[in-house]
Every structure is written in C-alpha cells, then in structure tokens.
Amino acid sequence: MKYALVTGGSRGIGRAVCIKLAQMGYHVLINYVSNEEEAARTLELVREAGQTGELLRFDVSCQAEVSKALEAWTDAHPDAYIEVLVNNAGIRRDNLLALMPAEDWNRVLGITLSGFYNVTQALLQPMMFHKYGRIVNMASVSGLKGMPGQSNYSAAKGGLIAATKALAQEVGKKHITVNAVAPGFIRTDMVEGIDEAAWKKAIPMGRFGTPEEVAELVGFLVSPAAGYITGNVISINGGLYT
Ligand code: NAP
Numbered sequence: 000m001k002y003a004l005v006t007g008g009s010r011g012i013g014r015a016v017c018i019k020l021a022q023m024g025y026h027v028l029i030n031y032v033s034n035e036e037e038a039a040r041t042l043e044l045v046r047e048a049g050q051t052g053e054l055l056r057f058d059v060s061c062q063a064e065v066s067k068a069l070e071a072w073t074d075a076h077p078d079a080y081i082e083v084l085v086n087n088a089g090i091r092r093d094n095l096l097a098l099m100p101a102e103d104w105n106r107v108l109g110i111t112l113s114g115f116y117n118v119t120q121a122l123l124q125p126m127m128f129h130k131y132g133r134i135v136n137m138a139s140v141s142g143l144k145g146m147p148g149q150s151n152y153s154a155a156k157g158g159l160i161a162a163t164k165a166l167a168q169e170v171g172k173k174h175i176t177v178n179a180v181a182p183g184f185i186r187t188d189m190v191e192g193i194d195e196a197a198w199k200k201a202i203p204m205g206r207f208g209t210p211e212e213v214a215e216l217v218g219f220l221v222s223p224a225a226g227y228i229t230g231n232v233i234s235i236n237g238g239l240y241t
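Numbering (numbering that gives the first Met the number 0), first residue to last: 0 to 241.
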C-alpha cells in the first residue's frame, strides 16, 4: 500500500487533493485541526474513489501534536512510510500591517512555516531511507507578488517558497522532489466574502479557479512523470500574475 498525507484535508483544496490522490491509488491520511465532520466527509469521498484512508487530527503548528500523531502512526505501521506529503493547511488573517495584532502575524506564520517544518521534518528521514518521496507545498500568488492587507500571509507563503527551493537542493539526490503550487483565487471557504464579480475583471480567465483544478496540478507533481521537476513554484491563477 502507498501512503500520502494531506494537511488540511478536511475542506477546500485539501479535500480535492485527497480525492485525486485516492484516484491515483494512495491510501490517504487526511489531516484536519477542528472540523471532524468535514474531515469525515473527505474520507467518505476517498472511499467513493475506491481507496482507503484515515483521519489524523493535529494542529500543524504544534510540534508536540504533530510528533505524537505521526509517531503513533509509524508505530502502528512499522513497515510502511508516507511517500507523498502535501503541506496544504493554511489560514489567512488579513489586515493592514499598521493595524495587525501580533497574534494574527504569529498564527499565520506558525501554521504555514512552522507547520511546514513540523510535518516535513518528521517525514523526511523515512523518505530519504526509501530513496523516494514527493513533497508539495501549497503557497499562493501572495507569496510571489505580495498582496496589500496580507503582509503576514505573503511573508508566510514567500517563506514557504524559499524553503521549498532550499529543501529541494538538499534531497534531490535521494529522489525526493519538493515543489510549491501557487494558486490565485480558488473557490473555497477561504475566499468567502471576497467579491468574485469585482475580482474576476482582473483575472484573464474571467473566473476564480476550482479546488479540482489545483488538485490536478498536485496530482501531476506527485506522479512519477514529474520526477525531473523540483525546487519550482507552479502558478495556477487564471493569468492573474505571471
Ligand atoms: P480552507 O477551505 O479554508 O481549508 C483550510 C484547511 O486547512 C482546512 O482543512 C483546515 O482544517 C486546515 N487547517 C487550518 N488550520 C490548520 C492547522 N493549524 N492544522 C491543521 N490543519 C489546519 O482553505 P483552502 O482555500 O482550501 O486553502 C488550502 C491552502 O491553499 C491554504 O494553504 C491556502 O493558503 C492556500 N491557498 C488558497 C487559495 C484560495 O483562493 N482558496 C489561494 C492561494 C492559496 P479544519 O477543517 O479542521 O479547520
């Protein structure tokens, strides 16, 4: 059995990625932090896609929780390893920097950057030992361009892109690829309240993207066919920023 872990797999892009990975034959570990009902729905959809899966609750920003959950999983599966990791969990807490509480700065960076560290660090050694792995980090157009009102989110995603490039150079020889995906506006809970009608005038494709479109890209990056793509950021934004 081949195993894949998707952080933030309960909703939105993460859910679509879980379904795509199931279609590709992976047993999917669906991480979530609080929304057990939606995580269970993702598991149902994974099963409908003909695969097995399981829920794994932890807050990616909390190293103790991540270690506890992943060590328990490894103890229960001594002969297995997780060969695909999609670091997808993320939040936004938008505000002008001048008005931004430290809590909103720290929380966004903690989930994106410490989350990347906590989960990736825990899974990297088994990938290196097996000389195969695929890591995809969910960045954003904000991490490339910088978005006003999102200095915390832009810093977090920009940092994630830099970490992607650094790690790719560390593990290439072990046949592990590390890439980032940078979506523009994708229809999920995260963009609730954002005026699609107003924004779509700025998007050459004239619409927001769908989680399934992002999942297709992730599916390609984790496939054996993408074995020579590493350390890259692939945008999927309808032409919003090129
Ligand atoms: P979403 O619908 O709001 O879903 C967020 C997911 O992250 C949920 O599964 C949530 O779990 C999980 N999560 C949040 N905090 C977590 C934590 N501390 N530990 C573990 N899981 C946590 O978001 P989305 O739009 O699908 O976004 C997914 C990723 O794509 C994010 O990294 C986001 O920054 C990025 N992105 C999104 C867009 C967009 O337009 N939607 C654009 C660019 C980049 P619960 O269900 O348990 O809360």
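Where a beta carbon is used, it is the ideal one built from N, C-alpha and C, also for glycine.
Beta-carbon proximity check, residue i vs residue j, cutoff 9 Å
i	j	result
methionine 0	threonine 73	no
isoleucine 110	valine 59	yes
threonine 176	alanine 167	yes
alanine 179	isoleucine 233	yes
leucine 122	isoleucine 81	yes
glycine 142	alanine 181	yes
valine 140	valine 85	no
glycine 148	leucine 95	yes
leucine 42	valine 118	no
Rounded C-alpha distance that separates residue i from residue j
i	j	result
lysine 156	glutamate 70	27 Å
leucine 54	tyrosine 2	13 Å
isoleucine 29	alanine 201	34 Å
isoleucine 235	valine 83	20 Å
tyrosine 240	glycine 205	13 Å
serine 9	glutamate 169	31 Å
proline 210	leucine 159	20 Å
aspartate 78	methionine 127	15 Å
Other residues of its chain near residue i: CB distance less than 6 Å, five sequence neighbours each side excluded
i	result
glycine 91	A small correction: the amino acid at residue 91 is arginine; glycine does not occupy that position in the sequence shown. Within the same chain, arginine 91 has close Cβ partners Tyr152.
isoleucine 134	Leu84 and Val177
Close beta carbons around residue i, own chain, < 8 Å, minus the five adjacent residues each side
i	result
methionine 23	Gly218, Val221 and Ser222
asparagine 34	Ser9 and Arg10
Beta-carbon contacts of residue i that lie in its chain and below 7 Å, excluding the five residues immediately before and after
i	result
glycine 226	Thr176
**Report entry** In chain order, each beta strand (DSSP E) run of at least 3 residues that lies wholly inside the segment 29-76
**Finding:** Fully enclosed beta strand (DSSP E) runs of 3 or longer: 52-56.
Query raised in the report: What are the complete alpha helix (DSSP H) segments, minimum 4 residues, inside the segment 130-214?
Result: DSSP runs (the alpha helix (DSSP H)) wholly in the segment 130-214: 140-144, 150-170 and 195-198.
Report task. Would you list, in sequence order, the uninterrupted alpha helix (DSSP H) runs of no fewer than 4 residues that lie entirely inside the segment 75-109? Result -> Segments of the alpha helix (DSSP H) lying fully in the segment 75-109: 101-108.
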